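Chemist:
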Amino acid sequence: MNVSVVILAAGAGTRMKSHIPKVLHKICGKEMLFYSIDEALKISDDVHIVLFHQENVIKERLLCAYKQAYADGALHFHLQDHAHYPGTGGALMQGQNAGANAKKPFCYQYDEILILNGDMPLVCSQTLKSLCQNKAQIVMSVLHLQNPDGYGRVVMESGVVQRIIEQKDAKESELLIKDVNAGVYKLHKSILDLYLPQVGNANNQQEFYLTDVVFYAKENGIEIAALEVKEEEFMGVNSKIQLACAQEIMLQRLREKAMDQGVIMHLPHTIYLESNVTFSGECIIEQGVQILGDSHISDSHIKAHSVIEQSIIESSDVGPLAHIRPKSHIKNTHIGNFVETKSSTLRGVKVGHLSYLGDCEIDEGSNIGAGVITCNYDGKAKHKTTIGKSVFVGSDVQLIAPLNIESNVLIGAGSTITKDIEYGDLALSRVAQQNIKDGFFKFFSDKNEEKKEQ
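Letter by letter, the sequence shown follows residues 10 to 463 of the working numbering.
#1: State yes or no: is the C-beta of Gln142 within less than 9 Å of the C-beta of Asp54?
#2: Do Ser353 and His332 have their C-beta atoms within less than 9 Å of each other?
#3: With DSSP run on the structure shown, which of helix, strand or coil describes Asn229?
#4: Could you check if Cys116 is buried or exposed, using at least 16 other CB atoms within 10 Å of its CB as the buried criterion?
#5: Can you give me the start and stop residues for the beta strand (DSSP E) that Asp434 sits inside?
#6: Which runs of the alpha helix (DSSP H) at least 4 residues long sit entirely within the stretch 146 to 226? Give them in chain order.
#7: Considering only DSSP beta bridges, list what Glu40 is partnered with.
#8: Mind checking who Val101 pairs with in its DSSP beta bridge?
#9: Taking the beta carbon of Val400 as the centre, do at least 16 other beta carbons fall within 10 Å, making it buried, or is it exposed?
#10: Using only CA atoms, which one of Val223, Leu50 and Tyr204 lies nearest to Tyr77?
#11: When you compare only the Cα positions, how much space is there between Ser134 and Leu125?
#12: Return the CA-CA distance between Lys398 and Lys391, expressed in angstroms with no decimal places.
#13: Quick check on the burial criterion: 16 or more other C-beta atoms within 10 angstroms. Buried or exposed for Phe452?
#14: Determine which residues share a DSSP beta bridge with Ile29 and list them.
#15: Across the stretch 175 to 185 and the stretch 239 to 259, are there enough close Cβ pairs to call them in contact, namely three or more that are closer than 8 Å?
#16: Which residue's Cα is closest to the Cα of Asn110: Tyr94, Asp368 and Glu48?
#17: Near Ile426, what residues of its chain come up, given a Cβ to Cβ distance below 8 Å and the 5 sequence neighbours on each side ignored?
#18: Please classify Leu131: is it buried, with 16 or more other beta-carbons within 10 angstroms of its beta-carbon, or exposed?
#19: For a quick check, are the C-beta atoms of Gly297 and Gly38 less than 9 Å apart?
#20: Starting from Arg70, follow the alpha helix (DSSP H) in both directions and report where the run begins and ends.
#21: Determine the direct distance from the alpha carbon of Leu184 to that of Cys292, and round the result to whole angstroms.
#22: What number of angstroms, rounded off, separates the C-alpha of Val360 from the C-alpha of Val327?
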C-alpha cells in the first residue's frame, strides 16, 4: 500500500517497573515492538520508529532483527526531542535541532500516514489496512468499553468524531463517556503539515498531544471518520498484568493457528508456544508442553510436560518429561522420559530414559541405555562425541568427550569410556567385582556389639 507508518516507541514505561525498555518486553518469545513492526511491514515499505527512552538499546536490537529491512530503506529511526517536545504530538515533530522547522513533521515517502503505538502487540495488518483504505483525511480507531479507565475519551455526535480528551484533562462528566481513543490514526500528510505546528502544550501534563491535531482539523471543518475496532487487538501494554493478558491472547492465536494446520493438542490451554514455532505434517502435542524459539516440529508426537527449545523434531516421539535444548536435531528417533539433549543430532536412535546427550552425533540403529551421559565439558571447553550406526550403549555409561565410536560397537553397562572405539569392538571398563564372605556382618559388627551391651 502507498502508506507510510509511524510507530511511537519513545515512552519510558514506568508502570512496567523494569530496567528493560517497555517495548522490548517479550510476548511468546518475541519483543512487543517487533509485532507492531512486522504487521506494519506487511502493508508498507516506509516504516518509521520514534525512539527516546533507552533508544540505543532498542535501536541496536532492531538493527539486528531487521537488518535487511533497514538496508532496503523500509525502516527508519527518529529520536524524539523529549526535553522540548514531549508527548505523542512531540514524537512527530523534528525537534529543536531542526531550528525553524522544530514543530514540523518528519519527511515521509507517501501522502497517507498511519500512526500506531509500539506497545500494541496484538494489532493485525488486516485491521490496519482497513484504516488506510478509508478515503477520509483523518480516520481514527475507536473502542467502546464498559470500563474506559486509562483511555482518552472520544466525544461523538451522530457517529462523527467531535474531539478527543485525554483522561488526565477530562472533566468529571467527560469521564463517563465509554467511547475511547484506541490510539491508531490514519492522516493525510497535509493535515500533519498544517496542524502539527499549531499544537501547544497548555495542558496538565505540559505535553504536545497528537489528539490536538484532530481537534484543530475538526475546528476547521474537516470531518473525522471513526473505525470501531476490537479491544483484543488494540489493547495497550503498560504493566506486567497487561503483559500477561496480552500473552494469553497471543498464545490462543498461536494454538488455534497450529490446530488449523492439523496439529492435535491435548488440553491446549496448558500448552505454551512461542511466535516463531512452526509445524508440518501430522503432529500431536500433549498437555503441559513448551515449544520455544525457532523450533520446527514435523510428523511427531511430543508427550506431556516436555520442553523443546530452538530445535528441529522430525518423525519422532519425545517424552514425557523430556528436555530438548537448543540446536538439537531429532529425526526418526524415540526419546523417553527424563532425557536431555543439547547441540546434538540423533538419526534413527532409541534413548529410553534418564540420559544426557550434549554435543553429540548419533547415527541410525543405535540404542542408548538408561543413565548414559556424554561428558562434554572439561571445565574450559566443550567437546564432541560421535557415535556410528547400530551401536549399543549399556546403562550407566559415561562417555568422556572428545570421542569417536564407530559403527557396530557394544559398550558394557557401567563403563567409563575415555578412548575411541573401532568398528565391531566390545568396550568394557569395570573394576573386578569382589564378594566378601559375611561382609555385611563384619561391617556392622560394632553396632551389633553396642546393641548387646545396652
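Even glycine gets a Cβ: it sits at the ideal position worked out from N, Cα and C. Small disclaimer: the values here were computed from a predicted structure and weren't measured.
Modeler: Let me spell this out:
#1: Taking the sequence shown and counting its residues from 1, the one referred to as residue 142 is at position 133. Taking the sequence shown and counting its residues from 1, the one referred to as residue 54 is at position 45. No, the pair does not count as a contact, with Cβ atoms beyond the cut-off.
#2: By one-based count along the sequence shown, residue 353 stands at place 344. By one-based count along the sequence shown, residue 332 stands at place 323. Going by C-beta atoms, Ser353 is not nearer than 9 Å to His332.
#3: To locate residue 229, count along the sequence shown from 1; it is residue 220. Looking at Asn229 - three-state DSSP - the assignment turns out to be coil, as it is neither helix nor strand.
#4: Reading the sequence shown from its first residue, position 107 is the one you call residue 116. Around the beta carbon of Cys116, fewer than 16 other beta carbons lie within 10 angstroms, which makes this residue exposed.
#5: Reading the sequence shown from its first residue, position 425 is the one you call residue 434. Taken as a continuous stretch (DSSP letters only), Asp434 belongs to no beta strand (DSSP E), as it is neither H nor E.
#6: 198 to 204
#7: Start at 1 with the first residue of the sequence shown, and residue 40 comes out as number 31. BP columns for Glu40 point to Lys35.
#8: Within the sequence shown, numbered from 1, the residue matching residue 101 stands at position 92. It is worth fixing the name first, because residue 101 is Leu in this sequence and not Val. In DSSP, Leu101 forms no bridge with anything.
#9: Taking the sequence shown and counting its residues from 1, one reaches residue 400 at position 391. Val400 should be labelled buried.
#10: Taking the first residue of the sequence shown as position 1, residue 77 is located at position 68. Sequence check: residue 77 is Gln here, not Tyr. Nearest of Val223, Leu50 and Tyr204 to Gln77, Cα basis: Leu50.
#11: The residue you call residue 134 lines up with position 125 of the sequence shown. The residue you call residue 125 lines up with position 116 of the sequence shown. Cα to Cα, the separation comes out at about 12 Å.
#12: As a working mapping, residue 398 is identified with position 389 in the sequence shown. As a working mapping, residue 391 is identified with position 382 in the sequence shown. Going from the Cα of Lys398 to the Cα of Lys391 covers about 23 Å.
#13: Here residue 452 refers to the residue found at position 443 of the sequence shown. Phe452 is exposed by the Cβ-count criterion.
#14: To locate residue 29, count along the sequence shown from 1; it is residue 20. According to DSSP, Ile29 bridges with nothing at all.
#15: no
#16: Within the sequence shown, numbered from 1, the residue matching residue 110 stands at position 101. Out of Tyr94, Asp368 and Glu48, Tyr94 has the C-alpha closest to the C-alpha of Asn110.
#17: One-based indexing of the sequence shown puts residue 426 at position 417. Correct list, in chain order: Val406, Gln407, Leu408, Ile409, Leu412, Ile414, Ile420, Ala436 and Ser438.
#18: Counting from one through the sequence shown, the residue named residue 131 turns up at place 122. Under this definition Leu131 is a buried residue.
#19: For this step, residue 297 is matched to residue 288 along the sequence shown. For this step, residue 38 is matched to residue 29 along the sequence shown. If you check the CB distance, Gly297 and Gly38 do not come in under 9 Å.
#20: Within the sequence shown, the letter at position 61 stands for residue 70. Glu64 to Ala74 is the span of the alpha helix (DSSP H), which, as asked, contains Arg70.
#21: Numbered from 1 along the sequence shown, position 283 holds the residue referred to as residue 292. Numbered from 1 along the sequence shown, position 175 holds the residue referred to as residue 184. The alpha-carbon atoms of Cys292 and Leu184 are separated by roughly 50 Å.
#22: Within the sequence shown, numbered from 1, the residue matching residue 360 stands at position 351. Within the sequence shown, numbered from 1, the residue matching residue 327 stands at position 318. Rounded to whole angstroms, Val360 to Val327 spans 10 Å at the Cα level.
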